[in-house]
Amino acid sequence: MEPVYLFNLVSRQNSWLSVRQSAISENIANVDTPGFASKDVEPFKDVLDKTSMQMAATQSGHISEGATNSRRVRVNDGEAWQVTVSDNSVSLEQELIKSGEVARQHALNTELVGSFYGLMKTSLGR
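Be aware that the sequence shown starts at 20, since it is given in this note's numbering, and climbs by one per residue.
Shown next as structure tokens:
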């Protein structure tokens with residue numbers, strides 16, 4: 020039976036969601052700070068592309084890729100929805116939308132793991 024990487028993948032995404040929520044919280048905390056540039060993390064797909072799971076070479080011709088584990092926070096260069104009085108790039112509305120996305124993705128991960136766990140229990144007859 021092949022190993023299941025679902026739990027590892029969900030764990031990685033939850034770590035990424037935690038970093039993203041921290042960046043969003045910092046943006047919200049600095050909504051009135053003059054000149055503050057909003058920040059966001061790179062998309063999970065990009066992080067996942069850079070961090071590969073350790074592959075085992077079953078044949079000498081297989082290539083093993085090295086894993087890099089980086090969670091970079093970048094300054095958001097996109098235009099804000101509005102210019103604020105404090106002249107910064109933080110839009111409270113955008114940050115709240117992103118925070119809601121993080122909450123939904125975390126809830127989806129939780130449901131996915133719960134469903135998979137239920138399938139595993141069923142397959143074992145418990």
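Every residue gets a Cβ at the ideal spot worked out from N, C-alpha and C, and that includes glycine.
How about residue 38 and residue 109: do their beta carbons lie closer than 9 Å? Position 19 of the sequence shown holds residue 38. Position 90 of the sequence shown holds residue 109. Not a contact, by the Cβ cut-off of 9 Å.
Per-residue burial, residue 46 [other beta carbons within 10 Å of its own, 16 or more giving buried]: The residue given as residue 46 occupies position 27 in the sequence shown. Label assigned to residue 46: buried.
By the 10 Å Cβ neighbour count, where 16 or more other Cβ atoms means buried, how is residue 23 classified, buried or exposed? The count along the sequence shown starts at 1 and reaches residue 23 at position 4. Label assigned to residue 23: exposed.
Per DSSP, what kind of secondary structure is residue 59 in: helix, strand or coil? Taking the sequence shown and counting its residues from 1, one reaches residue 59 at position 40. Strand at residue 59.
Mind reading off the beta-carbon distance from residue 131 to residue 66? Whole number of angstroms is fine, and I expect it under 8 Å. Sequence index remark: in the sequence shown, residue 131 carries index 112 (1-based). Sequence index remark: in the sequence shown, residue 66 carries index 47 (1-based). Contact flag wrong, Cβ pair sits at about 18 Å.
Residue from 113, 122 and 112 with nearest C-alpha to residue 34: For the purposes of this step, residue 34 is identified with residue 15 of the sequence shown, where counting begins at 1. Checking every option, the nearest Cα to that of residue 34 belongs to 122.
Does the distance from the C-beta atom of residue 128 to that of residue 53 stay below 9 Å? In the sequence shown, counting from the first residue as 1, residue 128 sits at position 109. In the sequence shown, counting from the first residue as 1, residue 53 sits at position 34. Residue 53 is positioned such that its CB atom lies no closer than 9 Å to that of residue 128.
Member of 133, 25 and 59 whose CA lies at the smallest distance from the CA of residue 113: Residue numbering aside, residue 113 sits at position 94 when the sequence shown is read from its first letter. It is 59 whose Cα lies nearest to the Cα of residue 113.
Short of 6 Å in beta carbon distance, which residues of its chain neighbour residue 118, apart from the five on each side in sequence? Order them along the chain. To locate residue 118, count along the sequence shown from 1; it is residue 99. So the qualifying residues of the chain are 43.
Just to confirm before moving on: does the CB-CB distance between residue 36 and residue 135 stay below 9 Å? Within the sequence shown, the letter at position 17 stands for residue 36. Within the sequence shown, the letter at position 116 stands for residue 135. Against a cut-off of 9 Å, the Cβ pair of residue 135 and residue 36 comes out as no contact.
For residue 57, is the classification buried or exposed, using 16 other Cβ atoms within 10 angstroms of its Cβ as the cut-off for buried? The residue given as residue 57 occupies position 38 in the sequence shown. With at least 16 other beta carbons inside 10 angstroms of its own, residue 57 counts as buried.
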